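There are 2 protein chains.
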Amino acid sequence: MTTEFELIDKLSAAFPPPEGLSIGIGDDAAVLDPGRFDLVTMDTLVEGVHFRREWCEATDVGWKSLAANLSDIAAMGGGPGAFFLSLALPDPVDLAWVEGLWTGMQEASRVLVPDSFEVSAGGGDISQTSGPIVITLTMLGEASPAGPVLRSNAVPGDRIVVLNTPGRAAAGLAVLQSDAVDAKEYEELVRAYRRPCPEVRAGGLLGLAGVPSSMIDTSDGLLQDMGHILNASEVGARVEGFQLPVAESMSELEDAEVGCVEDWVLGGGEDFCLLMTVPPARMPKLWDMARQYGWEVHDIGEIRGPEEGLQVLGLDGKPLDRQVDQFRHFEAS
Amino acid sequence: MTTEFELIDKLSAAFPPPEGLSIGIGDDAAVLDPGRFDLVTMDTLVEGVHFRREWCEATDVGWKSLAANLSDIAAMGGGPGAFFLSLALPDPVDLAWVEGLWTGMQEASRVLVPDSFEVSAGGGDISQTSGPIVITLTMLGEASPAGPVLRSNAVPGDRIVVLNTPGRAAAGLAVLQSDAVDAKEYEELVRAYRRPCPEVRAGGLLGLAGVPSSMIDTSDGLLQDMGHILNASEVGARVEGFQLPVAESMSELEDAEVGCVEDWVLGGGEDFCLLMTVPPARMPKLWDMARQYGWEVHDIGEIRGPEEGLQVLGLDGKPLDRQVDQFRHFEAS
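So the sequences go chain by chain: R and G.
If you read the first sequence in our numbering, its first letter stands for residue 1, the second for the next number, and so on.
If you read the second sequence in our numbering, its first letter stands for residue 1001, the second for the next number, and so on.
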């Protein structure tokens, strides 16, 4: 018989001893080193909504739960630290699945987190549920000495830049949902959905260099997340969708009627690209960094005055005259 | 149509502007004032496991979710601060229920939290689920200037002290589960289950005064939580159950075969009493504080050497020769 406490011990053992905490797992609360962490984010994955067990291994789910939080910290231009995990698990617990979850979290930590940061388990809570698995992760992070990069500091004239190509995770999910194509032929897209790679290193370096005026990750999809920046900064924007590359495999899938490339690119969530605004004077620095670190960077438009709202040119260069099918967390009626 | 973002705005509006945070809800991560918070705890409530909608109003559930986290911070001898909320809600969302949840959280904050601390919503995440409601709350807190009170510093000779009477929440739950009695006649016990009152003020004052050598809240039940202190401190203990008062209503319920008083008192969880160890030299200070603040304090035994293990005298004063029916979060086979 395995108890909650044993499962938490195993999680604890899967990660390095927590750094930045004097007390981790095993007391009523964790005790942080004074002044170490100043960022907090929280993300939840629900089975059947954010993942399905027939489409994702336990390791993929573990990877994704860590990746979503790493991406939020990266979007603040900061570096990740200790995390706290709440798991609601069906009874009886599938121990192999839970150990897969730990493994996926460890893999994500090893692959995605540069050596300059240490991600570790600071605490957790495991409960039973009669329903689907629910995983909530709270992650602490450190803003760069230059301060956190917010959503609210974009100003007219700033360039709009995306690091990496949005839409691949949404295309990968469409492949898994479709009976019309063989998932094995689109492994790269399926992998983008199962094992998204947030820009942990790039986020930290951009924050440190003070390059972006504002930043967000594209967890909700490019246009929706652009909207979050516009609302927070009280500005408008012109977004040129045609500046974004489209993988040949995605066009093939559109031809096979699996879905719409433009919806994936402009509306698909969970790629965890970084969407930022950059003052023109800092663009040379950004291009330098992109060359130095091998980043794929796309200049996709300009911040405008608030009266201009959000103008979007589609992948064909024409004004977008339709609602893009957007990533939805949630709606209540 | 109400979106995730609107629900989070309502939660935000229900609490005072966050103190100790320069950025709260509305960015990728919250930004904390440097050095303000050094405690982190996380607790999850699952519908059907930790609460049932037929036994608890939404306001009760909101109260309890905040209370469980407040209790953890109190058990560290600290004071509560910003919290982060993750909600997994069935589709379509019952907006009245969610607003009740906010209300209950506000009520708990108003009633349980002394003016010297400010509890506010720092962020959150709302998801859909096809299953029961899952509520995860992460709370930040501040240890007292004297440092956090851990589980690991009990030493042989320390007195074992309980603040408040354990067992009432478990008796209240038994009333709700039973067909044999009328819940209206046991309102006080039912209320102890629905609206547990953690010792937020007392925990902070005890931490500040440096009275306890170790402390824990009785969320898992007296003996189980005593065991956590013994394991962490590597000591034994003699616990005298007969030192604890038993409400007349609880004896009545035992007579009506609703349950076992001794199980409730020694094994029942979720009262959120404070269980602490106190060096004998500091007992006079504790009695002074109890008089000054009107605390109900019970000296229930002594910390011993590790070789003595956990010796328990039951409510009748005789050595306990049976397994107490304990509060269980979770077991996997």
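Backbone N, C-alpha and C fix where the C-beta goes; we use that ideal spot for every residue, glycine too.
As the structure is a prediction and not an experimental result, all values here were calculated from the model.
Output needed for residue i: all residues of its chain with C-beta closer than 6 angstroms, excluding positions within five of it in sequence on either side, in chain order.
i         : result
R/GLY317  : PHE242
G/VAL1312 : VAL1239 and LEU1320
G/GLU1019 : GLU1118
G/ASP1038 : ALA1143
G/GLU1296 : ASN1164
G/GLY1048 : PRO1132
G/ALA1232 : ARG1151 and SER1152
With a CB to CB cut of under 7 angstroms and the five nearest residues on each side skipped, what residues in its chain are close to residue i?
i         : result
R/ILE160  : ALA237, VAL239, THR277, ILE300, GLY301, GLU302 and ILE303
G/GLY1104 : ALA1058, THR1059, ASP1060, VAL1061, GLY1062 and TRP1063
R/LEU11   : LEU85, TRP102, ALA121 and GLY124
G/TRP1055 : LEU1176
R/GLU234  : PRO306
Any C-beta of chain R sitting closer than 8 angstroms to the C-beta of residue i?
i         : result
G/GLY1026 : yes
G/ILE1303 : no
G/MET1042 : yes
G/ARG1052 : no
G/PRO1198 : no
G/PHE1117 : no
G/PRO1306 : no
G/ILE1023 : yes
Are the C-beta of residue i and some C-beta of chain G separated by less than 8 angstroms?
i        : result
R/GLN128 : yes
R/ILE8   : no
R/ARG201 : no
R/ASP60  : no
R/MET76  : yes
R/MET138 : A small correction: the amino acid at residue 138 of chain R is Thr; Met does not occupy that position in the sequence shown. Interface residue, yes.
R/LEU39  : yes
R/PRO80  : no
R/ALA121 : no
R/VAL113 : no
R/GLY210 : no
R/GLY204 : no
R/PHE84  : yes
R/ALA232 : yes
Can you list, in chain order, the residues of its chain with a C-beta nearer than 8 angstroms to that of residue i? Leave out the 5 residues immediately preceding and following it.
i         : result
G/SER1333 : Below a pLDDT of 50, predicted positions are generally treated as unreliable, and G/SER1333, at 33, falls in that range; no measurement from the model is reported.
R/HIS329  : Confidence in R/HIS329 is poor, its pLDDT being 49 and thus under 50, which makes the residue's placement too unreliable to answer from.
With distances taken between CB atoms, is the gap from residue i to residue j smaller than 8 angstroms?
i         : j         : result
G/LEU1066 : G/SER1127 : no
G/ARG1168 : G/ALA1075 : no
R/MET226  : R/LEU310  : yes
G/ASP1125 : R/ASP43   : yes
R/ILE23   : R/ALA30   : yes
G/LEU1230 : G/VAL1265 : no
G/VAL1162 : R/THR129  : no
G/GLY1267 : G/VAL1324 : yes
R/LEU89   : R/PRO198  : no
G/GLU1262 : G/LEU1315 : yes
R/ALA280  : R/GLY157  : This sequence places Pro at residue 280 of chain R; Ala is not what is there. Cβ distance < 8 angstroms, so R/PRO280 and R/GLY157 count as in contact.
Tell me the rounded alpha-carbon separation between residue i and residue j.
i         : j         : result
R/GLN177  : R/VAL190  : 11 angstroms
R/TRP102  : G/ASN1153 : 31 angstroms
R/PHE15   : R/ASP288  : 35 angstroms
R/ILE135  : G/LEU1087 : 11 angstroms
G/GLY1062 : R/ALA171  : 39 angstroms
R/ALA96   : G/ALA1146 : 43 angstroms
G/VAL1211 : G/PRO1284 : 10 angstroms
R/VAL98   : G/MET1215 : 31 angstroms
R/LEU150  : R/SER213  : 8 angstroms
R/ARG342  : G/TYR1293 : The structure shown does not extend to residue 342 of chain R, since chain R is modelled only from 1 through 333, so no value can be given for it.
G/GLU1331 : G/HIS1050 : In this prediction, G/GLU1331 has a pLDDT of 44, which is less than 50 and means its spatial position is unreliable; what the coordinates show is noted afterwards. Their backbone Cα atoms lie some 15 angstroms apart in a straight line.
R/SER116  : R/HIS228  : 30 angstroms
R/ILE363  : G/PRO1306 : Because chain R spans 1 through 333 in this model, residue 363 of chain R falls outside it and cannot be assessed.
G/ASP1094 : R/VAL258  : 34 angstroms
R/ASP282  : R/MET139  : The question names Asp, but residue 282 of chain R in the sequence shown is Arg. So the two alpha carbons sit approximately 30 angstroms from each other.
R/LEU112  : G/LEU1244 : 53 angstroms
G/ALA1256 : G/PRO1166 : 20 angstroms
Measure the beta-carbon distance from residue i to residue j and round it to whole angstroms, keeping in mind my assumption that it falls under 8 angstroms.
i         : j         : result
G/LEU1021 : G/ALA1082 : 6 angstroms
R/GLU270  : R/PRO196  : 6 angstroms
G/ASP1028 : R/THR41   : 6 angstroms
R/LEU274  : R/ALA180  : That pair is no contact at about 32 angstroms.
R/LEU253  : R/ALA192  : At roughly 13 angstroms, the Cβ-Cβ gap does not stay under 8 angstroms, so R/LEU253 and R/ALA192 are not in contact.
G/GLY1035 : R/GLY35   : 4 angstroms
R/GLY79   : R/GLY141  : 6 angstroms
R/SER251  : R/GLU188  : About 14 angstroms separates the two Cβ atoms, so there is no contact after all.
Please find out if some non-hydrogen atom of the ligand SAM comes closer than 7 angstroms to the beta-carbon of residue i.
i       : result
R/CYS56 : Because no ligand of any kind appears in the structure shown, any question about the ligand SAM cannot be addressed here.
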